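Q:
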Amino acid sequence: MPLKRLNRDDYEVAWICPLEVEQIAAMEMLDEEHETLPQPRGDTNIYNLGAINNHNVVIAGLPKAGNCPAAAVITQMKMTFPNLKHGLLVGIGGGVPVKTDQGMIRLGHVVVSEPTGVHSGAVQYDHGKATAGQFELKGSLNPPPTALLNAAREVSVRRQRLDHDPIWKNTQRIDTSRPHLRRFKFPGVANDCLYQPHYEHRRADASCEDGGCDPKQRIERPINEFYETFVTVHRGTVASGELVIKDAMKRDNLARKLGVLCFEMEAAGASTDFPCMVIRGISDYCDSHKNDMWHGYAAAVAAAYARQLFFHMSIKEAAKSFDPTPHSFELSFDLTEISAVPYFVARQDELRQMHKLLRGLAGRLTVILYGLGGMGKTQLAMASMKRHFSEYHVAIWLNARDEMALKQSFARAAEKIQRLGPSLSYLSAALESRDLDEIWTAVKRWLEEPMNNRWIVTYDNYDDPRLESGVIIGRPSHKNRTDPKPKFQGHDDGFDSKAFDIRPYFPTANHGSIIVTTRSSAVNFGPSMKIGKLRDANDSLEILAQTSRRNNFKEDPAAIKLAQCLDGLPLAIATAGAYLHQVTISCAEYLQMYHDSWLQLHEETPQLLSYDQRLYSTWGISYSRIKQQSQVAAMVLHQWAYFSNEDLWYELLKEGRPHGPGWLCELTDSKLRFHGIMRMLCDHGLVEAGSTTQEPESAGYSVHACVHSWMIHVLNQKHDEGLALTAMRCIASHVPTQEESKFWVTQQRLIGHADRLLEYTINMEVADGTAWAFHRLGTLYSDQGRLREAETTYKRALDGCDAWDPKHTLTLRTINNLGILYTYQDRLREAEAMYKRALDVYEKALGPNHTLALRTVNNLGTLYVDQGRLQEAEAMYKRALDGKEKAWGPHHISTLGTVNNLGVLYRAQGRLQEAETTYKRALDGYEKAWGPNHTSMLDTVNNLGSLYSDQGRLQEAEVMYKRALDGYEKAWGPNHTLALRTVNNLGVLYRVQGRLQEAEAICERALDGYEKARGPNHTSTLRAVNNLGALYRVQGRLQEAGAMYKRALEGYEKTLGPISVTTHNPTLDTLENFGDLYVELGQVADAIWYYQRAQNGIEAAFGRESQKYVRLSQAIASVRSLGRQGRLQRAWNKITNRHP
């Protein structure tokens, strides 16, 4: 979308950013960005233009820090933008830890220049002359302009009357989930350390923690509970000079002498002859301990304060823009994903009716186009969008063939929106996550924006709808008829597993227009139009003329007869026209060929409907011609039956060359040869070319679903084992690893072909040498989160592997992957069987101490912890640890992984001191091996946070959790399950700390993420459910708490089974929480029943000596005795004198 273009005279406010980090923060505060304007010769500045609250702003950086560069930049800026009235000097500064009316100045606070005493708001402390052994300041700086001083005062007044902080809210405009913006996150109060002025930093090349600075030298200061969600602003004098101050003693001397609140390096240059307000976020204390940790957040709060000023400036001080819309929503008309006919003919009545239905007075408008395949529904929808595009700002086409195709279409739309429109944080974050669910949700949100109210979206090919009742409506073109050949094994046309409800993918806003094309008349959530055969013979002749590029058909009796025979079927007519364009025969000759083809097809497949016979007859004629021209092209049509009908591309087929048939080798000999063959098929109207390249590989080709059905049922009368194996080799060989560039793009393109492959191989015998292919398909499905299909294909691989030596590498890899898959699904008994099977083979073939055997021993230990079998888990971990230390040494990464797991076990057993020692050993080893920020240590960092939380060391726990979360988000994105685990832990911590509003937002984020990633009954999801229930209980929302506990408990029992659940630690926590809830409700018998269930499990898992067992015994006794005396509240108080 083009940016707004103004004149240089339109800009009245200058925003100066000395550092790059400050300029990024400033750009994030703009409501809109403007087009760059030409500059006079001699102006070397770089400007970013935009607006905030209709005030036009010029943002400029400095070539380097200092007063002189600031003065030079402003001088040139004033010449280029002659109407600039005043400026904002916004960035970071060093704070003086003194007390003001707002409290002690701390990191992350903001200091704003304001006249006080003898100073104008800023003082140049290093400009003056030496007299009689003293330094005397010389000169004065201009005060901030009155308009900005008034705005600052108004900001202060308004903030004190609000329940929320608008400045803190402005900081949230910076999406810190994006990797390049994470430095703007709040570093945490634990990282705000102020040392005694005389205490020097120990090592210049290391942080205070790593360099050995003594924590006892830190000055203890009270912590404001709203530190993170309220930005404290101090107004007073700012000191400006040419040198960076890193001396606390000098800082304090100058502060006492001049009464300054912070130090910086540009105000003197900027304020010399230009009215300017200085705004500084405090990033350090001007001492030897200063570092860059707070730079990003300090820049963010300074920019957020500056943004807020624009909402309190007088209108006279900055002229209003004529466009009050913060974002413009436009998306150029682009239907490159589908093949549109050059000239759309006929259907004029339908076009008028569609336009009438989509021109309602208000609300979201929907029209359903339904009819048999090949009737031109897609072309009609495109023609309508093209004809009336001037009425819309946005037009999007989506492929709704199945949910995966629909999500991929949303992803392509998101990329285009991001590329052509203004940057939106939620859209950027979704694209960066590469999570298709996140992406389609973001696009839907974009369409729901109140100002984005003139859009039209087509959901094409929604042929497999699912109704509210769960009934799946089959495709009309396949109902009530016998297929011309037996279905492939495992394929069922009657009930398509890909059926889905499309309505959740519709924007919920009450604006916009939607077109849905479908073969099903059961789709009835809007006005519907049946698209049938062409009723006017002249329309059929017009299509024939357009596609054949011939004239005078209306005077040709044979052409009229041909149009009648094709019975108004647009797809059949277009195929006939394409043939006539390619071959110099008359319509009479083509008509004779059509009759011959129709008779042959009728003899071979008399059960076909006349609709199919007409279509198939025209394609049969084209096929015969193609076969005469090129056997290779004809074989492509045969082979295509074993691929999906959409997106067949060069690199995919090239994978089949090494062991493929001769025709395939010839086809993929070069890209030139491949595209030449495909062009031939396109010329005959059977194949459609993709319009855009899908990096990192070539664009694909597609065929209409009806043509694909003909390929399957007519061209391939019998199942061809050779063609099936060729498709399998191509698809499986092309599955990329996660280390390959843009692997997710290729994987998503492959999924449709893998689904087609699975249809006819699901019950097929695994042929010799194909087990590897099923293994690769399992990996593809697993990576894409399709766990059911992953299990199916892994099992197929295992069936093939069993015919070989059971010690074969592929066998063991498949067994291991199945074990991991089952663990991920919480099918723990099946996972155990897989691990034991692998371990048995390893021990027999390689010995009990081989590293591959030890890896499986470690996995078994983890499994036993999940099952609550802690003694067995400890034995496994210790065996694995002993073997790994002997094989690799105590500091090997694999050894440290088992050390970490032992820490998890000790914590579960209540052996907290041993757990801490073990975690610290693992963490120390990781840091020595990989450095302090490597992802390998994040699990241990998270686990240490949980341990500290258990010990009541809550501030330390928060530091650990935030460190782990930051690392997970940088490595894998905010919605990875490891990140969600730490989010969940943070929610629990905030609940314990009484930060209930933050806790609820965090817990809901964790639960939503787990439900999307792992489903509603995964144990990780259920732990999040339990935690949300605990939060509701603390908030007094007892009914909601009970519902959450019930859901968690029922989910655990369903997932783990009746035996494992009795000692499963999270289940025991939920039982105890239920007991707590019933105590609070005054229901003594129910409380004791749940407590005893939890106690029995704890006894079996941990023994009677465990702290949990003792605590529950005391709880039960208290409830019994005090409950009888009617003093249940005292019992409750006694029981809950612990971390919930």
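Counting from 14, one number per residue, gives the positions in the sequence shown under my numbering. Cβ atoms here follow ideal geometry from the backbone N, Cα and C, with glycine treated the same way. The structure presented is a predicted model; accordingly, all values stated were derived computationally and were not measured.
Name, in chain order, the residues that DSSP records as bridge partners for D473.
A: In the sequence shown, residue 473 corresponds to position 460, counting from 1. According to DSSP, which records beta bridges pairwise, D473 is partnered with N412.
Q: In angstroms, rounded to a whole number, what distance separates the CA positions of K98 and N58?
A: Within the sequence shown, numbered from 1, the residue matching residue 98 stands at position 85. Within the sequence shown, numbered from 1, the residue matching residue 58 stands at position 45. Within the model, the alpha-carbon separation for K98 versus N58 is close to 18 Å.
Q: What does the alpha-carbon distance come out to for the pair A442 and R191?
A: On the sequence shown, residue 442 is found 429 positions in, with the first residue counted as 1. On the sequence shown, residue 191 is found 178 positions in, with the first residue counted as 1. C-alpha separation (whole angstroms): 6 Å.
Q: From which residue to which residue does the alpha helix (DSSP H) around A1026 run?
A: For the purposes of this step, residue 1026 is taken as the residue at position 1013 of the sequence shown. From DSSP, the alpha helix (DSSP H) with A1026 extends over L1009 to R1027.
Q: Thinking C-beta only, is P31 closer than 9 Å to L102?
A: Counting from 1 along the sequence shown, the entry for residue 102 is found at position 89. Counting from 1 along the sequence shown, the entry for residue 31 is found at position 18. A contact, by the Cβ cut-off of 9 Å.
Q: Classify Y24 as buried or exposed, calling it buried when 16 or more other Cβ atoms lie within 10 Å of its own Cβ.
A: Start at 1 with the first residue of the sequence shown, and residue 24 comes out as number 11. It counts as buried.
Q: Which of the three DSSP states, helix, strand or coil, is assigned to R293?
A: Numbered from its first residue, the sequence shown carries residue 293 at position 280. Here R293 sits in strand by DSSP.
Q: What residue from S541, K543, A587 and M542 has the CA that sits closest to R563's CA?
A: Reading the sequence shown from its first residue, position 550 is the one you call residue 563. The shortest Cα separation from R563 among S541, K543, A587 and M542 belongs to A587.
Q: Beta-carbon separation of S169 and V246 under 9 Å?
A: As a position in the sequence shown, residue 169 is number 156, starting the count at 1. As a position in the sequence shown, residue 246 is number 233, starting the count at 1. Their beta carbons are under 9 Å apart, which means S169 touches V246 by this criterion.
Q: Using 10 angstroms around the beta-carbon of V131, count the other beta-carbons present and answer buried if the total reaches 16, otherwise exposed.
A: The residue you call residue 131 lines up with position 118 of the sequence shown. Taking all protein chains in view, the Cβ of V131 is surrounded by fewer than 16 other Cβ atoms within 10 Å, so the residue is classified as exposed.
Q: Could you give the C-beta distance for T931 and G910, rounded to a whole number, given that I count them as a contact under 8 Å?
A: Residue numbering aside, residue 931 sits at position 918 when the sequence shown is read from its first letter. Residue numbering aside, residue 910 sits at position 897 when the sequence shown is read from its first letter. That belief does not hold up - the Cβ atoms of T931 and G910 are roughly 12 Å apart, past 8 Å.
Q: Taking only the alpha-carbon atoms, compute the straight-line gap between Q595 and W662 and give it to the nearest angstrom.
A: Position 582 of the sequence shown, counting from 1, holds the residue named residue 595. Position 649 of the sequence shown, counting from 1, holds the residue named residue 662. Going from the Cα of Q595 to the Cα of W662 covers about 24 Å.
Q: How far does the alpha helix (DSSP H) with A784 in it reach, from first residue to last?
A: As a working note, residue 784 is residue 771 in the sequence shown. That run of the alpha helix (DSSP H) goes A784 to D796.
Q: If you compare alpha carbons, which of N998, P540 and T631 is closest to N955?
A: The sequence position of residue 955 within the sequence shown is 942, counting from 1. It is N998 whose Cα lies nearest to the Cα of N955.
Q: Using 9 Å as the threshold, is the C-beta distance between P288 and G100 below it?
A: Locating residue 288 in the sequence shown gives position 275, where the first residue counts as 1. Locating residue 100 in the sequence shown gives position 87, where the first residue counts as 1. In this structure, P288 lies near G100, with their beta-carbon atoms less than 9 Å apart.
Q: What are the start and end residues of each continuous alpha helix (DSSP H) run of 4 or more residues lying completely inside the stretch 1034–1086, in chain order?
A: 1051–1073
Q: Sort out for me which residues DSSP pairs I381 with in a bridge.
A: Reading the sequence shown from its first residue, position 368 is the one you call residue 381. Its beta-bridge partners are V529 and S541.
Q: Compute the beta-carbon to beta-carbon distance between D580 and R548, rounded to the nearest angstrom, for a pair I have assumed lies under 8 Å.
A: Sequence index remark: in the sequence shown, residue 580 carries index 567 (1-based). Sequence index remark: in the sequence shown, residue 548 carries index 535 (1-based). Incorrect: roughly 11 Å between the Cβ atoms, too far for contact.
Q: Can you list, in chain order, the residues of its chain with a C-beta nearer than 6 Å to that of P520? Leave out the 5 residues immediately preceding and following it.
A: Numbered from 1 along the sequence shown, position 507 holds the residue referred to as residue 520. Counting only Cβ-Cβ distances below 6 Å, and skipping sequence neighbours, we find K457, L460 and E461.
Q: My understanding is that G791 touches T806, with C-beta atoms under 8 Å, so please give their C-beta distance in whole angstroms.
A: On the sequence shown, residue 791 is found 778 positions in, with the first residue counted as 1. On the sequence shown, residue 806 is found 793 positions in, with the first residue counted as 1. Their Cβ separation, rounded to whole angstroms, is 4 Å, which keeps G791 and T806 in contact under 8 Å.
Q: So I1129 packs on K1121, CB below 8 Å; how close in whole Å?
A: Counting from one through the sequence shown, the residue named residue 1129 turns up at place 1116. Counting from one through the sequence shown, the residue named residue 1121 turns up at place 1108. Contact doesn't hold; Cβ gap of about 13 Å is too wide.
Q: Any idea which residues DSSP pairs G74 with across the strands?
A: As a working mapping, residue 74 is identified with position 61 in the sequence shown. Its beta-bridge partners are C30.
Q: Using 10 angstroms around the beta-carbon of R432, count the other beta-carbons present and answer buried if the total reaches 16, otherwise exposed.
A: Along the sequence shown, one-based indexing puts residue 432 at 419. So R432 ends up on the exposed side.
Q: Please state the DSSP three-state secondary structure of P478.
A: Translated into positions along the sequence shown, residue 478 becomes position 465. It is a strand residue.
Q: Which residues does DSSP pair with S253 in a beta bridge?
A: To locate residue 253, count along the sequence shown from 1; it is residue 240. Per DSSP, Q137 and E277.
Q: Assuming the contact rule is C-beta atoms closer than 8 Å, A1114 and L960 should be a hit. Round their C-beta distance to whole Å, please.
A: Here residue 1114 corresponds to residue number 1101 of the sequence shown, with the count starting at 1. Here residue 960 corresponds to residue number 947 of the sequence shown, with the count starting at 1. With 8 Å as the limit, A1114 and L960 do not qualify as a contact, their Cβ atoms being about 19 Å apart.
Q: Give the secondary structure of G860 by DSSP, where H, G and I count as helix, E and B as strand, and everything else as coil.
A: On the sequence shown, residue 860 is found 847 positions in, with the first residue counted as 1. It is coil, neither helix nor strand.
Q: Could you have a look at I118 and say whether DSSP puts it in helix, strand or coil?
A: The residue labelled residue 118 in the question sits at position 105 within the sequence shown. Note: I118 maps to coil in three-state DSSP.
Q: Apply the 10 Å Cβ neighbour rule to I634 and answer buried if 16 or more other Cβ atoms are within range, or exposed otherwise.
A: Working through the sequence shown from its first residue, we reach residue 634 at position 621. Its Cβ being crowded by 16 or more others within 10 Å, I634 is buried.
Q: Roughly how many angstroms separate the alpha carbons of N658 and E772, rounded to a whole number?
A: In the sequence shown, the residue the question calls residue 658 occupies position 645. In the sequence shown, the residue the question calls residue 772 occupies position 759. Whole-angstrom Cα-Cα distance: 14 Å.
Q: Have a look at N61 and V1001 and give me their C-alpha separation to the nearest angstrom.
A: As a first step, residue 61 must be located in the sequence shown, where it is residue number 48. As a first step, residue 1001 must be located in the sequence shown, where it is residue number 988. Going by the C-alpha atoms only, they are around 43 Å apart.
Q: Can you tell which of L834, G965, I527 and G107 has its C-alpha closest to the C-alpha of H308?
A: Within the sequence shown, the letter at position 295 stands for residue 308. Of L834, G965, I527 and G107, the residue nearest in Cα terms is G107.
Q: Determine which residues share a DSSP beta bridge with A64 and list them.
A: As a first step, residue 64 is located in the sequence shown; it is residue number 51 there, counting from the start. For A64, which the question treats as bridged, DSSP gives the partners E45 and N69.
Q: I need the boundaries of the alpha helix (DSSP H) containing L699, first residue and last residue.
A: What you label residue 699 is simply residue 686 of the sequence shown in a count that begins at 1. Membership of L699 in any alpha helix (DSSP H) is not indicated, and neither H nor E is assigned to it by DSSP.
Q: Compare the Cα-Cα distances from Q641 to each of L694, G675 and H688 and report the closest residue.
A: For this step, residue 641 is matched to residue 628 along the sequence shown. For Q641, the nearest C-alpha among the options comes from L694.
Q: Going by DSSP, which residues form a beta bridge with Y714?
A: For this step, residue 714 is matched to residue 701 along the sequence shown. Bridge partners of Y714: L661 and A702.
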